[in-house]
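Numbering (my numbering), first residue to last: 1 to 364. Contents: one structure, followed by commentary.
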């Protein structure tokens, strides 16, 4: 009998290119300068993308997407800027590895330097780092764009799914018949024939409370197991990890196929992003990263922002601090107006909207 918290592993051969893009460093930040012109910081170098103010912009991973002064939608990626189309009746999203956008009902993806038309009639989609799930209204098919291909996950003769949640490399959804399904590494898994009471999707992991016996269960790297015999008070997932408060009020973290108790009590709060878990307890501010808990300071900051591999926060006397990949840095003693973490880059504004970049342990 398989014990809670532990998983048996299958040895699966995958082409090394399947997730080749996911190991790329994330070293980009974008910002308007004091003239309103869009600048980009890319791996230690600055360049001007536009010499006129842009209408809006978004960035993540190694890409910047924006609507320029002429209302054209443009994408900066791998050192080049490409014009996509005119941004009329338009919306877009930027993730670490994919950019999705819609013109009217037509859905597109920008991936590895190419624009791909996914479907011409779309009313529902969800996108995350490496996967985009969408309902093709013209065919009544629920599909995924993944690893450069469109995969039909489910034909629906009734209607679109009741709910969809995407992790960075998987899709979980409840269909119109209340079946609970997961698409992962190109395979379809039916987790239950009844909708869960609650569920959340991350990278390589889906956590859910089933509606039969109300156990807390996990889908983890292709296997399923019971994490707890009773529903948790709360849970949040990240990159093959999870933090949760069990039904007895104990704070636990799941990673590497097992759960460990961090506190015999409820934290004041906890958040999960990527590989990083932060929590407050007894007025202390803490981070759990790579199997280790670090107390960052003896009081909970009013402001903090997380990245996949760390957290930035405003510390004592307004000092901007950063915990990144196990190291703690004092970034700036100036009063910080705003700040944002993307991968290995921390962007922050001081003074009269002067933007500074902290990268590889130094300010630019």
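Glycine included, each C-beta is placed from N, C-alpha and C at the ideal position. Just so it is clear, the structure is predicted and the values come from calculations on it, not from any experiment.
Between residue i and residue j, is the Cβ-Cβ spacing less than 8 Å?
i: residue 250; j: residue 229; result: no
i: residue 365; j: residue 244; result: The structure shown does not extend to residue 365, since the chain is modelled only from 1 through 364, so no value can be given for it.
i: residue 34; j: residue 52; result: no
i: residue 62; j: residue 26; result: yes
i: residue 90; j: residue 106; result: no
i: residue 289; j: residue 298; result: no
i: residue 49; j: residue 81; result: yes
i: residue 153; j: residue 188; result: yes
i: residue 322; j: residue 314; result: no
i: residue 236; j: residue 270; result: yes
i: residue 210; j: residue 240; result: no
What did DSSP end up calling residue i once you bin it into helix, strand or coil?
i: residue 318; result: helix
i: residue 230; result: coil
i: residue 355; result: strand
i: residue 224; result: strand
i: residue 202; result: coil
i: residue 268; result: coil
i: residue 257; result: coil
i: residue 189; result: strand
i: residue 26; result: coil
i: residue 294; result: strand
i: residue 164; result: strand
i: residue 105; result: coil
i: residue 92; result: strand
i: residue 368; result: No statement about residue 368 is possible, as the shown extent of the chain runs from 1 to 364 and does not include it.
i: residue 128; result: strand
i: residue 80; result: strand
i: residue 364; result: coil
i: residue 112; result: coil
i: residue 310; result: strand
i: residue 47; result: strand
i: residue 100; result: strand
i: residue 173; result: strand
i: residue 211; result: coil
i: residue 416; result: No answer is possible for residue 416: the residues shown for the chain start at 1 and end at 364.
i: residue 302; result: coil
i: residue 54; result: coil
i: residue 280; result: strand
i: residue 327; result: strand
i: residue 346; result: strand
i: residue 32; result: strand
If we ignore side chains and look at the alpha-carbon of each, how far apart do residue i and residue j end up?
i: residue 164; j: residue 225; result: 22 Å
i: residue 316; j: residue 167; result: 35 Å
i: residue 58; j: residue 78; result: 16 Å
i: residue 253; j: residue 359; result: 29 Å
i: residue 305; j: residue 273; result: 10 Å
i: residue 307; j: residue 343; result: 6 Å
i: residue 137; j: residue 111; result: 23 Å
i: residue 284; j: residue 310; result: 17 Å
i: residue 22; j: residue 201; result: Confidence at residue 22 is low in this model, with a pLDDT of 40, below 50, so its placement is unreliable and the value that follows should be read with caution. About 18 Å.
i: residue 267; j: residue 295; result: 13 Å
i: residue 145; j: residue 198; result: 25 Å
i: residue 128; j: residue 333; result: 35 Å
i: residue 181; j: residue 350; result: 47 Å
i: residue 265; j: residue 279; result: 12 Å
i: residue 261; j: residue 353; result: 43 Å
i: residue 169; j: residue 109; result: 16 Å
i: residue 335; j: residue 29; result: 20 Å
i: residue 115; j: residue 147; result: 14 Å
i: residue 174; j: residue 214; result: 17 Å
i: residue 362; j: residue 43; result: 12 Å
i: residue 234; j: residue 338; result: 30 Å
i: residue 218; j: residue 70; result: 48 Å
i: residue 242; j: residue 257; result: 10 Å
i: residue 216; j: residue 238; result: 17 Å
i: residue 212; j: residue 94; result: 38 Å
i: residue 151; j: residue 143; result: 5 Å
i: residue 139; j: residue 113; result: 28 Å
i: residue 120; j: residue 176; result: 22 Å
i: residue 54; j: residue 83; result: 14 Å
i: residue 88; j: residue 302; result: 39 Å
With residue i and residue j assumed to form a contact (beta carbons below 8 Å), what rounded beta-carbon distance in angstroms separates them?
i: residue 162; j: residue 123; result: Not really, about 14 Å apart at Cβ, beyond 8 Å.
i: residue 92; j: residue 60; result: In fact, because the Cβ distance is near 12 Å, the residues do not count as touching under 8 Å.
i: residue 86; j: residue 72; result: 6 Å
i: residue 345; j: residue 357; result: 6 Å
i: residue 207; j: residue 259; result: Not confirmed; about 11 Å, so no contact.
i: residue 222; j: residue 184; result: 7 Å
i: residue 31; j: residue 355; result: 4 Å
i: residue 41; j: residue 364; result: 7 Å
Quick one: does residue i have its CB under 8 Å from some CB of chain E?
i: residue 308; result: Of the protein chains in the structure, only one exists, and it is not chain E.
Exercise. How do the stretch 97-105 and the stretch 127-139 stand: do at least 3 beta-carbon pairs fall below 8 Å, yes or no?
Worked result: yes
Exercise. Should the stretch 145-157 be called in touch with the stretch 194-207, which here means at least 3 C-beta pairs below 8 Å?
Worked result: no
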